[in-house]
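In this note's numbering, the protein residues as written are 4 to 185. This report concerns only the one structure given below.
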Amino acid sequence: MTDDILTERLRLSRPHPSDLPEVFAIQSDPRVWTHYPSLRHTDPAQSVAMMERWERSWQEAGLGSWVARLRDTGEVVGNGGCTVLGGEVWNIGYRIAGDHHGKGYATELARAGVEQARARDPQRPVIAYLVEHNRASANVAVKLGLELVHRAPDVGNPDPTVMRLVFADRELTSAQLAAALR
4 MTDDILTERL RLSRPHPSDL PEVFAIQSDP RVWTHYPSLR HTDPAQSVAM
54 MERWERSWQE AGLGSWVARL RDTGEVVGNG GCTVLGGEVW NIGYRIAGDH
104 HGKGYATELA RAGVEQARAR DPQRPVIAYL VEHNRASANV AVKLGLELVH
154 RAPDVGNPDP TVMRLVFADR ELTSAQLAAA LR
């Protein structure tokens, strides 16, 4: 059995340790972190730890983040997918390499993640957790059919003026919202 998913333009693959150089290149690119610069990876060990969390998600939930490659060339253009937060919600996440912003890859990747999450556990809500000034990410959430269900100050953000948004595919219980907010 393979964990690869094919979309119109992408091959989405379960991450492998050999993907570290490409994953770190994306996670360390300042263009990818304009909305939250303090989260940019500055050491490959940060990307290793992130990839280990992805693998735990695959083992525990049967789904996690993928490495996204162009089907025609194999070039890595991003990563993302759905992971379970707090046992309550599927969180859709997506990060696209700076050279590939604006091409629709985030929407394509995220749509596949939502489809796979719903196939595995349709009773669990799908959410997108993002900061308000990340308009591109919010636009992807809206394209997926998610609706804004929460807006509040982003607790713990180094910038106290930043607002945290949660989009969801349905109304959330207080436990589900708490899980989404971690």
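Note that CB positions come from ideal geometry on N, CA and C, so glycine has one too. Small disclaimer: the values here were computed from a predicted structure and weren't measured.
DSSP-derived helix/strand/coil call for residue i
i    : result
V145 : helix
M4   : The predicted model places M4 with a pLDDT of 36, which falls under 50 and marks its position as unreliable, so this point remains unresolved.
L168 : strand
V158 : coil
H153 : strand
R12  : coil
R173 : coil
P20  : helix
Buried versus exposed, by CB contacts within 10 Å (16 or more), residue i
i    : result
L133 : buried
D75  : exposed
Cβ pair residue i, residue j closer than 8 Å
i    : j    : result
D32  : G96  : no
R17  : W61  : yes
A129 : A115 : For the record, residue 129 in the displayed sequence is Val; it is not Ala. For V129 and A115, no; Cβs fall outside 8 Å.
H135 : V79  : Going by the sequence as given, residue 135 is Glu instead of His. In this structure, V79 does not lie closer than 8 Å to E135 by Cβ.
Residue i, enclosing alpha helix (DSSP H) - first and last residue
i    : result
T110 : Y108 to R123
E25  : L23 to Q30
Q179 : S177 to A183
Residue range of the unbroken beta strand (DSSP E) whose run includes residue i
i    : result
V129 : V129 to V134
W93  : V92 to I99
Legend entry - Contained beta strand (DSSP E) runs [length at least 3] in the segment 30–96, N- to C-terminal order: As far as the segment 30–96 is concerned, its whole beta strand (DSSP E) runs of at least 3 residues are 68–73 and 79–88.
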